[in-house]
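A.B. asks: Protein chains in written order, with my numbering: chain A, 1 to 111; chain B, 1001 to 1180; chain C, 2001 to 2146. Before I ask anything, here is the structure I am working with.
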């Protein structure tokens, strides 16, 4: 159930990437897909009634959620920000050249 | 269990609103709201590291997108709605959900993970590295190759953005130097 | 009033009061990355955000006066070289990325030296890289208005 809700978010982002014409909408769709995948990985590592992987003094090491997916996703979030910035830079360049964010117009202007 | 489902449903509605709104500015703001919901979900899922990073990254990406949006002076073109990409998009999304649905039943149940690799990290992590934040211990000591790859990807993305956005273009032989 | 770049007086005053606190909070997050939630990634982005805050309120020139583009790119390279040299120091102990620097005493600030120095290098790299990208996007916008 929880995993399926997460995949619905992914499907919404996929719909935006395929069907929308505005470049900003496409970038937003890719961001939504990133959210869904990050969430899915963290959901895999959750343990019922677990505690966060930060150790305290004099605490017995028991019932801790899985730190491995969290470590993988921590890098993935920052990479997502960098790739979003790269996509935005490409969109700015295209807007300066053609004066529009609409991808169908760009194809027409190419001739 | 229930609260995480509630947050996920709110995120679904938020992303649908963000995609279907006509005004681009409100689009970008709603995406920021979805990111904040995800930060909240990370807190519920006992991942405070990820919650901090997600919150901060969301603010920075919102600033980047807003700088692009606010500069746009061209009016939104009023084209007649085109139904073909909409149908293709909806059917593709439905296809993905159809294929994902049987796979989900094969996964371990939510809340009871199989921790074959992570068990050793949790038990020996503090003694081996001296760090009490186990996520930091995994990311920078046990699996530092991952971080090295991340640094390479980040460097490549920054280089790409700087090259795409540079002010002076390449000088061709025939052109004058003052142009561009 | 419109002669000066940047936003209104209220925003400028609030920025002057808060920007130092934000920068200090970022450094705190970086240095305590092995004890509490946070670390190099979050701290680096917070440090970048403090300069972005300055840039949004006072205009690009004020932020570029604090840290210019060559300085930022040199700092990013220093972060990368630090991370790689920590990795090569591990070869003394046997293999790449081995924690040869010692663990120290747990629960104190100067412990887990590998993780501590890696956090500092990662924060330099992430913070300066994202600052460079945002400044370049802002400068590209200025070019278009001419």
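Built from N, CA and C at the ideal position, the CB exists for glycine as well. Quick caveat: nothing in here was measured; it's all calculated off a predicted structure.
Within 8 Å of any Cβ in chain A, is that where the Cβ of residue 2007(C) sits?
C.D. replies: Here residue 2007(C) refers to the residue found at position 7 of the third chain. No, no contact with chain A.
A.B. asks: Quick test of your reading: residue 1049(B) and residue 2039(C), contact by CB under 8 Å. State the CB separation rounded to the nearest angstrom.
C.D. replies: Locating residue 1049(B) in the second chain gives position 49, counting from the first residue. Locating residue 2039(C) in the third chain gives position 39, counting from the first residue. Right, the Cβ-Cβ distance comes to about 7 Å (below 8 Å), so this counts as a contact.
A.B. asks: So what's residue 21(A) in DSSP terms, helix, strand or just coil?
C.D. replies: Here residue 21(A) refers to the residue found at position 21 of the first chain. Note: residue 21(A) maps to coil in three-state DSSP.
A.B. asks: So is residue 20(A) buried or exposed if we call it buried at 16+ other beta carbons inside 10 Å?
C.D. replies: The residue labelled residue 20(A) in the question sits at position 20 within the first chain. Only buried fits residue 20(A), as 16 or more other CB atoms lie within 10 angstroms of its CB.
A.B. asks: Write down the C-beta distance between residue 84(A) and residue 31(A) rounded to the nearest angstrom, noting that I regard them as a contact closer than 8 Å.
C.D. replies: Within the first chain, residue 84(A) is the residue found at index 84, counting from 1. Within the first chain, residue 31(A) is the residue found at index 31, counting from 1. 6 Å between Cβ atoms; contact.
A.B. asks: Could you work out which residues of chain B lie near residue 2070(C), taking near to mean beta carbons separated by less than 7 Å?
C.D. replies: Indexing the third chain from 1 puts residue 2070(C) at position 70. Within chain B, no C-beta atom comes less than 7 Å from the C-beta of residue 2070(C); the nearest is roughly 13 Å away.
A.B. asks: Whole-angstrom Cβ separation of residue 2057(C) and residue 2007(C), contact assumed at under 8 Å?
C.D. replies: By one-based count along the third chain, residue 2057(C) stands at place 57. By one-based count along the third chain, residue 2007(C) stands at place 7. Going by Cβ atoms, the distance from residue 2057(C) to residue 2007(C) rounds to 5 Å, so yes, they are a contact pair.
A.B. asks: Look at the alpha carbon of residue 2108(C) and the alpha carbon of residue 1113(B), and state the distance between them as a whole number of angstroms.
C.D. replies: Residue 2108(C) sits at position 108 when you count from the first residue of the third chain. Residue 1113(B) sits at position 113 when you count from the first residue of the second chain. So the two alpha carbons sit approximately 32 Å from each other.
A.B. asks: Verify whether the separation of the beta carbon atoms of residue 55(A) and residue 1134(B) is less than 8 Å.
C.D. replies: For the purposes of this step, residue 55(A) is identified with residue 55 of the first chain, where counting begins at 1. For the purposes of this step, residue 1134(B) is identified with residue 134 of the second chain, where counting begins at 1. For residue 55(A) and residue 1134(B), yes; Cβs fall inside 8 Å.
A.B. asks: Which of the three DSSP states is assigned to residue 1111(B) in this structure?
C.D. replies: In the second chain, residue 1111(B) corresponds to position 111, counting from 1. DSSP places residue 1111(B) in strand when its eight states are reduced to three.
A.B. asks: Residues in its own chain within less than 7 Å of residue 1175(B) by CB, not counting five upstream and five downstream?
C.D. replies: Indexing the second chain from 1 puts residue 1175(B) at position 175. Confidence is the limiting factor: at residue 1175(B) the pLDDT is only 48, short of 50, which leaves the residue's position unreliable, though a coordinate-based value still follows. Hits under 7 Å: none found.
A.B. asks: Quick check: the Cα distance between residue 104(A) and residue 46(A), rounded to an integer number of angstroms?
C.D. replies: To locate residue 104(A), count along the first chain from 1; it is residue 104. To locate residue 46(A), count along the first chain from 1; it is residue 46. The C-alpha of residue 46(A) is placed about 43 Å away from the C-alpha of residue 104(A).
A.B. asks: Report the neighbours of residue 1106(B) on chain E: residues whose CB is nearer than 9 Å to its CB, in chain order.
C.D. replies: Protein chains A, B and C are contained in the structure displayed, whereas chain E is not.
A.B. asks: Please report whether the beta-carbon of residue 25(A) lies at a distance below 8 Å from any beta-carbon of chain B.
C.D. replies: Residue mapping note: residue 25(A) aligns to position 25 of the first chain, counting from 1. Yes - at least one Cβ of chain B is within 8 Å of the one on residue 25(A).
A.B. asks: Output, in chain order, the set of chain A residues within a Cβ distance shorter than 7 Å of residue 1141(B).
C.D. replies: Translated into positions along the second chain, residue 1141(B) becomes position 141. In chain order: nothing, as chain A lies at least about 10 Å away.
A.B. asks: With a threshold of 16 other CB atoms inside 10 Å of the CB of residue 2017(C), please say whether the residue is buried or exposed.
C.D. replies: Looking up residue 2017(C) in the third chain gives position 17. Exposed is the call here.
A.B. asks: Can you find a CB in chain B that lies within less than 8 Å of the CB of residue 2146(C)?
C.D. replies: Within the third chain, the letter at position 146 stands for residue 2146(C). Confidence at residue 2146(C) is low in this model, with a pLDDT of 39, below 50, so its placement is unreliable and the value that follows should be read with caution. Residue 2146(C) does not count as touching chain B.
A.B. asks: Starting from residue 1038(B), trace the alpha helix (DSSP H) both ways and give me its first and last residue.
C.D. replies: For the purposes of this step, residue 1038(B) is taken as residue 38 along the second chain, with counting starting at 1. Element bounds for residue 1038(B): 1024-1044.
A.B. asks: Quick one, which residues of the stretch 4-29 of chain A are near chain B if we go by CB-CB under 9 Å, in chain order?
C.D. replies: Answer in chain order: 4, 5, 6, 7, 8, 9, 10, 11, 12, 13, 14, 15, 16, 17, 18, 19, 20, 21, 22, 24, 25, 27, 28, 29.
A.B. asks: Of all the alpha helix (DSSP H) runs that stay within the bounds of the stretch 2008-2066 of chain C, which reach a length of 4 or more residues?
C.D. replies: 2009-2031, 2040-2058, 2060-2066
A.B. asks: Of the choices 1098(B), 1142(B), 1104(B), whose alpha-carbon is the least far from that of residue 2096(C)?
C.D. replies: Locating residue 2096(C) in the third chain gives position 96, where the first residue counts as 1. The option with the nearest alpha carbon to residue 2096(C) is 1142(B).
A.B. asks: So the alpha helix (DSSP H) residue 93(A) belongs to, where does it begin and stop?
C.D. replies: Taking the first chain and counting its residues from 1, the one referred to as residue 93(A) is at position 93. Looking at the DSSP string, the run of the alpha helix (DSSP H) that includes residue 93(A) is 67-98.
A.B. asks: Show which residues of chain C have a CB atom less than 7 Å away from the CB atom of residue 85(A).
C.D. replies: Position 85 of the first chain, counting from 1, holds the residue named residue 85(A). Residues of chain C whose Cβ lies closer than 7 Å to the Cβ of residue 85(A) are, in chain order, 2133.
A.B. asks: Is the beta carbon of residue 35(A) closer than 8 Å to that of residue 1034(B)?
C.D. replies: Residue numbering aside, residue 1034(B) sits at position 34 when the second chain is read from its first letter. Residue numbering aside, residue 35(A) sits at position 35 when the first chain is read from its first letter. Yes. Within cutoff.
A.B. asks: Within 8 Å (strictly less), CB to CB, does residue 1014(B) reach chain C?
C.D. replies: Position 14 of the second chain holds residue 1014(B). Not one chain C Cβ lies under 8 Å of residue 1014(B).
A.B. asks: Given a threshold of 16 other Cβ atoms within 10 Å of its Cβ, counted over all protein chains shown, does residue 66(A) qualify as buried or as exposed?
C.D. replies: On the first chain, residue 66(A) is found 66 positions in, with the first residue counted as 1. Around the CB of residue 66(A), 16 or more other CB atoms lie within 10 Å, so the residue is classed as buried.
A.B. asks: Reducing DSSP to helix, strand and coil, say where residue 1122(B) ends up.
C.D. replies: On the second chain, residue 1122(B) is found 122 positions in, with the first residue counted as 1. In the structure shown, residue 1122(B) sits in a helix (DSSP, three-state: H, G or I).
A.B. asks: Nearest-angstrom Cα distance between residue 2113(C) and residue 53(A)?
C.D. replies: By one-based count along the third chain, residue 2113(C) stands at place 113. By one-based count along the first chain, residue 53(A) stands at place 53. When rounded, the distance between both Cα atoms is 20 Å.
A.B. asks: Tell me whether the beta-carbon of residue 2088(C) lies closer than 8 Å to the beta-carbon of residue 2118(C).
C.D. replies: Looking up residue 2088(C) in the third chain gives position 88. Looking up residue 2118(C) in the third chain gives position 118. With respect to the 8 Å criterion, residue 2088(C) and residue 2118(C) are not classified as neighbours on the basis of their beta carbons.
A.B. asks: Alpha carbons only, please: which of 1136(B), 1166(B), 1117(B) is nearest the one belonging to residue 2031(C)?
C.D. replies: Against the third chain, residue 2031(C) aligns to sequence position 31. Measuring from the Cα of residue 2031(C), the nearest candidate turns out to be 1136(B).
A.B. asks: Could you check where the alpha helix (DSSP H) with residue 1105(B) kicks off and where it finishes?
C.D. replies: Here residue 1105(B) refers to the residue found at position 105 of the second chain. Residue 1105(B) -> alpha helix (DSSP H) spans 1083-1106.
A.B. asks: Tell me the residue span of the alpha helix (DSSP H) that contains residue 1147(B).
C.D. replies: For the purposes of this step, residue 1147(B) is taken as residue 147 along the second chain, with counting starting at 1. Its alpha helix (DSSP H) spans residues 1144-1164.
A.B. asks: DSSP on residue 1133(B), reduced to helix/strand/coil?
C.D. replies: Locating residue 1133(B) in the second chain gives position 133, where the first residue counts as 1. Correct three-state label for residue 1133(B): strand.
A.B. asks: Hey, which unbroken runs of the alpha helix (DSSP H) at 4 residues or more fall wholly within the stretch 2078-2114 of chain C?
C.D. replies: none
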